[in-house]
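The structure appears below as structure tokens.
Number of protein chains: 2
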Amino acid sequence: MAESDCRKNLIAAAVPLFAAKGLNGVSVRELAGAAGVNLSMISYYFGGKEGLYAAVLTEQFAILGKLEEIEQMEIDTLQKFELYVRATVSRYRSNPYLLRFYTSELTNPTACFETIIKPAIKRVVQMLLETFADGLSGRKFRDDLNPTDTVLALAGMINFYFLLEPATAELVDHSPERDEQLIRHIMDIFTRGVLR
Amino acid sequence: MAESDCRKNLIAAAVPLFAAKGLNGVSVRELAGAAGVNLSMISYYFGGKEGLYAAVLTEQFAILGKLEEIEQMEIDTLQKFELYVRATVSRYRSNPYLLRFYTSELTNPTACFETIIKPAIKRVVQMLLETFADGLSGRKFRDDLNPTDTVLALAGMINFYFLLEPATAELVDHSPERDEQLIRHIMDIFTRGVLR
DNA sequence: ATCCTTCGTTCAAACGTTTGATCAGTTTTA
DNA sequence: TAAAACTGATCAAACGTTTGAACGAAGGAT
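Chains as they are written, first to last, in the working numbering: chain C, 1 to 196; chain Z, 1001 to 1196.
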């Protein structure tokens, strides 16, 4: 076998378990069992259950970091916002656990919140704020809008749609086939809201 | 002492504890200690820890129910939406734990999710949908908008602002003094988005 | 070539602690 | 005095972590 299948298996098995039940909702025996690995391997490789949880969160949020590529692009400000929206949606689709981890940490923070989640969220919000400032200085956007409220409104429209899925699945069509429609809808509202 | 101070104290003490750490993050001893009550009182009054949790959630979501008063009012559709927004914001201010409980259940559902949280959320979404349908039939609103996406966008703008507070407190002014500005901002974006 | 040691990895077993729940008994209330 | 409210002690089960032994691979030393 390759070097440390244990480590890999543990993280892979831990992702859906931690996402569904939270740090305190899963036992080390359940984690080890799901990974097909001896339970002491958790302490051996990660120093304990919290270490495994931190490793999972680190891996999950590494995916989020690549939003910065969009910020550097030399395109229209509104197009940039649309790219953010598209990137977020496709991220949630390819990784259905990401949103769970970060809302779980927002409501029931663990030790990882200050070290991993909070900096990651602040970075995204700051990125959106800078893009909005670009649009403002380009005289494209209304200057009577509060910038933070505006970018949080955009973020809220996207994130809340996915957050609410477990409760509204019977009421709203959340299928990926409708994502394009959702993106256009959000950008429609947002554009009418911010343009001069 | 009055009849069953125990029961009252337990719920009062359990609200912030469960909200901060979730069902599995708090022990019965911690709950009883915070309430200044013998630990066996939890089983005596609520049949166990989960029973206390269910009682807390029931109490929390009873507050939510009064949104229906707004639906029955005979006022302009857009004003009705603004009242929803105002009611939600003032609810989150007077009860800072409500949002935590319901997002916690959305990400890490317990037995209460199907019985309490999901029906409550569905009821709110349905209410918003009906109001939007009123606006549609009154030819006030654009008829090319997906109704569910529209009402979820409105809900997302409000809820996400409060959900993100622990992470963005240093970046965004979340003080209650700014609530009026927030409400106007959200209604501004929403109005421009949906009006014909 | 053979032996011995060391290393990283894995294992079953046991560790001490904490968990949620229960019970017999006592106090309070009506 | 009977019912309701409450207490402290105790329970088995589950918790996360640690332990010491076992394993194959790798590297010198003889």
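For every residue, glycine included, the Cβ atom is placed at its ideal position computed from N, Cα and C. Please read all numbers here as calculations on a predicted model, not as lab measurements.
- Judged by DSSP secondary structure, residue 127 of chain C falls within the alpha helix (DSSP H) whose first and last residues are 118-137.
- Counting the other CB atoms within 10 Å of its CB gives residue 1005 of chain Z a total below 16, which places it among the exposed residues.
- Nearest C-alpha to residue 152 of chain C among C:26, C:114, C:121, C:138: C:121.
- In terms of Cβ geometry, residue 1174 of chain Z and residue 145 of chain C do not form a close pair [threshold 8 Å].
- With contacts defined by Cβ atoms closer than 8 Å, residue 1030 of chain Z and residue 1010 of chain Z do not form a contacting pair.
- Taking 8 Å as the upper bound on Cβ-Cβ separation, chain Z lies near residues 109, 113, 117, 118, 121, 122, 125 of the stretch 109-125 of chain C.
- Interface criterion met: the Cβ of residue 192 of chain C is under 8 Å from a Cβ in chain Z.
- Counting C-beta atoms within 10 angstroms of its own C-beta, residue 1139 of chain Z has fewer than 16 neighbours from the protein chains shown and is therefore classed as exposed.
- The beta-carbon distance between residue 160 of chain C and residue 1108 of chain Z, rounded to whole angstroms, is 17 Å. This is too long to meet the 8 Å contact definition.
- Taking 8 Å as the cut-off, the Cβ atoms of residue 1167 of chain Z and residue 117 of chain C count as close.
- Bounds of the alpha helix (DSSP H) holding residue 9 of chain C are 5-21.
- Using a CB distance below 9 Å, the part of the stretch 1166-1177 of chain Z facing chain C consists of 1166, 1167, 1168, 1170, 1171, 1172, 1173, ordered along the chain.
- DSSP places residue 1035 of chain Z inside the alpha helix (DSSP H), whose first and last residues are 1028-1035.
- Interface flag for residue 1161 of chain Z against chain C is set, since a Cβ pair is found closer than 8 Å.
- Leaving aside the five residues that flank residue 1104 of chain Z on each side, the residues in its chain whose CB is nearer than 8 Å to its CB run, in chain order, 1019, 1022.
- Selection C:148, C:190, C:38, C:127 evaluated against residue 7 of chain C yields C:38 as nearest (Cα-Cα).
- In this structure, the alpha-carbon of residue 1147 of chain Z lies about 28 Å from that of residue 125 of chain C.
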